[in-house]
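The working numbering puts the last residue of the sequence shown at 472; the count rises by one with no breaks.
Just so you know, even glycine gets a beta-carbon here, dropped at the ideal spot from N, CA and C.
Worksheet for the structure shown next.
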Amino acid sequence: MDITYPMVLDKLGIPYNVRGVNVLINCPACGRKKFYFDVKKNVGHCYRASCGLKGTALDIYASVRGLDTKAAFKELASDVDVNYTPPKFDFKEPAPTAPSDVRDKAYRKLLKLSPLSNRHRKDLEKRGIKAGDIDKMGYGSTCTYDLVATTGKILKVMDDHTLKGVAGFYKKDGNWTLNQWVQGILVPYVNQHKEITGFQIRKNNEDIKSKDEGKYTCLTSNGKEDGAKCQLCVHFACDFKQDFCTGQYFPILGNAVRITEGAMKADISHYVTGEPILAVAGINNLESSGFKDVLSYLKKRGVKTIIDTFDMDFKSNEDVQKAMEKLKELVLAADLRYERIDWNSDYKGYDDYVIARRDGLVDKEE
Ligand SMILES: [Zn+2]
Numbered sequence: 107m108d109i110t111y112p113m114v115l116d117k118l119g120i121p122y123n124v125r126g127v128n129v130l131i132n133c134p135a136c137g138r139k140k141f142y143f144d145v146k147k148n149v150g151h152c153y154r155a156s157c158g159l160k161g162t163a164l165d166i167y168a169s170v171r172g173l174d175t176k177a178a179f180k181e182l183a184s185d186v187d188v189n190y191t192p193p194k195f196d197f198k199e200p201a202p203t204a205p206s207d208v209r210d211k212a213y214r215k216l217l218k219l220s221p222l223s224n225r226h227r228k229d230l231e232k233r234g235i236k237a238g239d240i241d242k243m244g245y246g247s248t249c250t251y252d253l254v255a256t257t258g259k260i261l262k263v264m265d266d267h268t269l270k271g272v273a274g275f276y277k278k279d280g281n282w283t284l285n286q287w288v289q290g291i292l293v294p295y296v297n298q299h300k301e302i303t304g305f306q307i308r309k310n311n312e313d314i315k316s317k318d319e320g321k322y323t324c325l326t327s328n329g330k331e332d333g334a335k336c337q338l339c340v341h342f343a344c345d346f347k348q349d350f351c352t353g354q355y356f357p358i359l360g361n362a363v364r365i366t367e368g369a370m371k372a373d374i375s376h377y378v379t380g381e382p383i384l385a386v387a388g389i390n391n392l393e394s395s396g397f398k399d400v401l402s403y404l405k406k407r408g409v410k411t412i413i414d415t416f417d418m419d420f421k422s423n424e425d426v427q428k429a430m431e432k433l434k435e436l437v438l439a440a441d442l443r444y445e446r447i448d449w450n451s452d453y454k455g456y457d458d459y460v461i462a463r464r465d466g467l468v469d470k471e472e
């Protein structure tokens, strides 16, 4: 008998909703909605640094029940109702991710077809972002009309008329369509060559069911026919210059580059201050997000110092603290200087702080 996650979660009474290969649930150990499991691989882990529960479905059950895996298996096997059939899911292997120029083409067309709604514009204005800056950020809103028709218009601009390997798109009953299960703001992740490599979606507040649930998700079609995993690059919020021979864009960076978590935070900070700032999609995946490659790229471009502007709640948030240590380690290993700047902790995010500073609510020296 295979011990699967659905089986263990049913047994522990933890609700789950399988909409893709990776499923977010309340952690069986700490209870926070930070536990992801992979339905296909049958492994999972808690993103909360102070918890760190991880393993196969059997490992998780054993850990929560305080048993070794042998005893846990025995308990599960002997306890299973003869009529119980664990749910089965048929997920497709993800297509290899399309090259960045292909993704860029599809995503730019998607943004043209799904411009920022008035509601989302007002939401951003409420955050203190000036109208002109909102335009420059180039955000969109999730599509509210026929997804197959919209995708058809995107297909027309693709050189070989396919969206294979472009996260978010997949084939349903023979037609390409968009996998959109939540409404919100489309936040593009732009790489060092000004290409859009993917989107985070800032969910509408009414779609966020609990305090623990993240405000962001990413546009993905992993597990669907011809679908692909969302692979967000390190986001470059900076000015770019174009090489007129090759047409390729390059970032204008200077000696020091700031780094934060989340493209929206970086964009707001960049347009308020003019400083170049990078963003990782999540502080917990610094090692897997191509961040090391970006550090060596920055070094080649003449950058000397990385300035840590992760949230000010690091003093009370172990996850942020651990991420900062990891960041420092990676920066030093890349032979760059690491610097941390602190600010008035009434403002958790660097973006909130620079807006307050712009509006004269905190001293410039702070
Ligand atoms: Zn946990």
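Expected contact under 8 Å - CB spacing of residue i and residue j to nearest Å
| i | j | result |
| --- | --- | --- |
| Ile413 | Ile365 | 7 Å |
| Ala237 | Lys335 | Not really, about 35 Å apart at Cβ, beyond 8 Å. |
| Lys454 | Asp419 | 5 Å |
| Gly337 | Gly304 | Contrary to the premise, residue 337 reads as Gln rather than Gly in this sequence. So it is a contact: roughly 6 Å between Cβ atoms. |
| Lys198 | Gly333 | 7 Å |
| Asn128 | Asp144 | 6 Å |
| Ser422 | Lys139 | Wrong, their Cβ atoms sit about 19 Å apart, outside the cutoff. |
Nearest neighbour of residue i, chosen from the options [CA to CA]
| i | options | result |
| --- | --- | --- |
| Glu319 | Gly329, Arg308, Leu325 and Ser327 | Arg308 |
| Glu445 | Ala362, Glu381, Glu393 and Asn391 | Ala362 |
| Trp287 | Asn123, Arg463, Asp332 and Gly466 | Asn123 |
| Asn285 | Lys317, Val263, Val296 and Thr257 | Thr257 |
| Pro520 | Val378, Gly329 and His226 | Look at the range of the chain in this structure, 107 to 472, and you will see that residue 520 is not part of it. |
| Arg407 | Gln298, Asp373 and Lys371 | Gln298 |
| Lys270 | Pro205, Leu182, Lys321 and Cys351 | Pro205 |
| Lys146 | Asp165, Ser220, Leu164 and Tyr111 | Tyr111 |
| Pro193 | Val114, Pro221 and Asp165 | Val114 |
| Phe342 | Phe350, Thr352, Asp417 and Met243 | Met243 |
| Leu159 | Lys176, Cys133 and Ala177 | Cys133 |
| Lys278 | Leu253, Asp265 and Leu325 | Leu253 |
| Trp449 | Ala439, Ala440 and Asp469 | Asp469 |
| Ala155 | Arg171, His226 and Asn391 | Asn391 |
| Arg464 | Thr379, Val263 and Lys259 | Thr379 |
| Val296 | Asp185, Ala385 and Ala462 | Ala385 |
| Phe397 | Asp185, Glu435, Lys232 and Trp282 | Glu435 |
| Ser220 | Asp207, Tyr245, Trp282 and Ile235 | Tyr245 |
| Glu331 | Glu181, Arg171, Asp196 and Asp185 | Asp196 |
| Glu393 | Arg209, Cys351, Ala440 and Lys347 | Ala440 |
| Gly234 | Ile447, Ala387, Leu222 and Tyr377 | Tyr377 |
| Gln427 | Tyr213, Ala462, Lys405 and Ile389 | Ile389 |
| Leu404 | Pro200, Val208, Thr162 and Gly360 | Gly360 |
| Leu222 | Cys152, Cys249 and Ala387 | Cys249 |
| Val170 | Gly137, Ile314 and Asp185 | Gly137 |
| Arg209 | Leu261, Lys228 and Glu231 | Leu261 |
| Lys80 | Trp282, Ile240, Asp239 and Asp241 | This structure cannot speak to residue 80, because the chain is shown only from 107 to 472. |
| Asp207 | Asp265, Leu230 and Lys176 | Asp265 |
| Tyr213 | Leu325, Asp313, His226 and Ile314 | Leu325 |
8 Å Cβ cutoff met for residue i and residue j
| i | j | result |
| --- | --- | --- |
| Tyr251 | Ser327 | no |
| Ser375 | Asp452 | no |
| Val409 | Leu442 | yes |
| Val400 | Val340 | yes |
| Tyr167 | Ile120 | no |
| Val293 | Ala369 | yes |
| Leu164 | Phe141 | no |
| Asp345 | Phe356 | no |
| Lys215 | Val263 | yes |
| Ala183 | Cys157 | no |
Exposure label - residue i; buried when at least 16 CB within 10 Å
| i | result |
| --- | --- |
| Ser247 | buried |
| Glu505 | The displayed coordinates of the chain run from 107 to 472. Any statement about residue 505 would go beyond what the structure contains. |
| Gly107 | Note on residue identity: the sequence assigns Met, not Gly, to residue 107. Its Cβ having fewer than 16 others within 10 Å, Met107 is exposed. |
| Lys267 | According to the sequence as given, residue 267 is His; it is not Lys. Burial call: exposed. |
| Glu381 | buried |
| Asn224 | exposed |
| Ile473 | Since the first residue shown for the chain is 107 and the last is 472, residue 473 is missing from the structure and cannot be characterised. |
| Glu301 | buried |
| Ala58 | With the chain covering 107 to 472 only, the question about residue 58 has no answer from this structure. |
| Gly290 | buried |
| Ile383 | buried |
| Lys211 | buried |
| Leu467 | exposed |
| Ser402 | exposed |
| Arg125 | exposed |
| Thr415 | buried |
| Asp417 | buried |
| Lys371 | buried |
| Leu118 | exposed |
| Asp373 | buried |
| Ala255 | exposed |
heavy atom of ligand 3 below 7 Å from residue i C-beta
| i | result |
| --- | --- |
| Gly274 | What this structure holds is ligand 1, not ligand 3. |
Cβ of residue i within 8 Å of any chain C Cβ
| i | result |
| --- | --- |
| Thr257 | This model lacks chain C altogether, as it is built from one protein chain only. |
Under a criterion of Cβ closer than 6 Å to any non-hydrogen atom of ligand 1, which residues qualify, in chain order? Cys133, Ala135, Cys136, Arg138, Lys140, Phe141, Cys152, Arg154, Cys157 and Leu159
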